[in-house]
Amino acid sequence: MATPQARGVIFIHSAPRALCPHLEWAIGRALGRAVSFDWADQPVLHGARRAEFYWEGTAGTGAALATAIRGWEHLRFEVTEDPTPRSDGGRWLHTPGLGIHYAQTDTAGNVVIGEDRIRYAMEVSGGSAVELHRELQVALGAAWDEELEAFRHASDDAPVVWLHKVG
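Reading the sequence shown from the start, the letters are residues 455 to 621 in the working numbering.
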């Protein structure tokens, strides 16, 4: 059985200039080919650079990409992997202060919280609605989204790239 092809996007929201070539090398190694990003200044953080890169690979490549670049100080990124007919999608978020967060995604890009994670949230909340809310926010990656939101807006002026035509 052939491994399903997947695609996604790497958003480097902020990286020190000196780290940029190392990121390209690490991502290229994970993809099995050389890559080159179109780097731009990150207006939210002086001296930082940002880039977006559209990738294609086998299902699971998103995890390999996130693993290849996690752990570097001062790096903020997101990796997305679109679902395939045989595999779930995923979203990996990283900030220097929070570390990495993974969430499964559905075909519309929504975060999917599994039954076991919901049961855990209910158990540790002990009947407290406030604690249940906090646990679900953690499961959704709300703290990561909140920290990355300002960096995402910096890409509002970036050109739109259509990945595929539907229909």
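Quick reminder that beta carbons are idealized off the backbone N, C-alpha and C, glycines included.
Secondary structure at residue i, three-state DSSP: helix, strand or coil?
i: T515; result: helix
i: I554; result: strand
i: L617; result: With a pLDDT of 46 at L617, under the threshold of 50, the modelled position of that residue is not reliable, and the figure given next carries that caveat. Looking at L617 - three-state DSSP - the assignment turns out to be coil, as it is neither helix nor strand.
i: H548; result: strand
i: A583; result: helix
i: A488; result: coil
i: T534; result: strand
i: V498; result: coil
i: G568; result: coil
i: T559; result: strand
i: W526; result: coil
i: R588; result: helix
i: W509; result: strand
i: R503; result: strand
Taking the Cβ atom as the reference point for each residue, do residue i and residue j lie within a distance shorter than 9 Å?
i: E589; j: G551; result: no
i: L529; j: L485; result: no
i: R487; j: A513; result: no
i: D526; j: L477; result: The displayed chain sequence assigns Trp, not Asp, to residue 526. Contact flag set, yes.
i: P497; j: A608; result: yes
i: G462; j: W493; result: no
i: Q591; j: A583; result: no
i: A460; j: T515; result: yes
i: F507; j: I523; result: no
What residue does the beta strand (DSSP E) around residue i start on, and which one ends it?
i: A469; result: 459 to 470
If you follow the alpha helix (DSSP H) that residue i is in, where does it begin and where does it stop?
i: H607; result: 596 to 607
**OP:** Answer yes if the segment 463 to 470 comes into contact with the segment 492 to 510, meaning at least three C-beta pairs across the two stretches below 8 Å, and no otherwise.
**Re:** The segment 492 to 510, when compared against the segment 463 to 470, does touch it at the 8 Å Cβ threshold.
**OP:** Pair every Cβ in the segment 532 to 540 with every Cβ in the segment 565 to 578, then say whether three or more of these pairs are closer than 8 Å.
**Re:** Per the Cβ contact rule, the segment 532 to 540 is not in contact with the segment 565 to 578 (fewer than 3 Cβ pairs under 8 Å).
Original post:
Should the segment 536 to 545 be called in touch with the segment 554 to 573, which here means at least 3 C-beta pairs below 8 Å?
Top reply: Yes, since at least three Cβ pairs between the segment 536 to 545 and the segment 554 to 573 fall closer than 8 Å, the two stretches touch.
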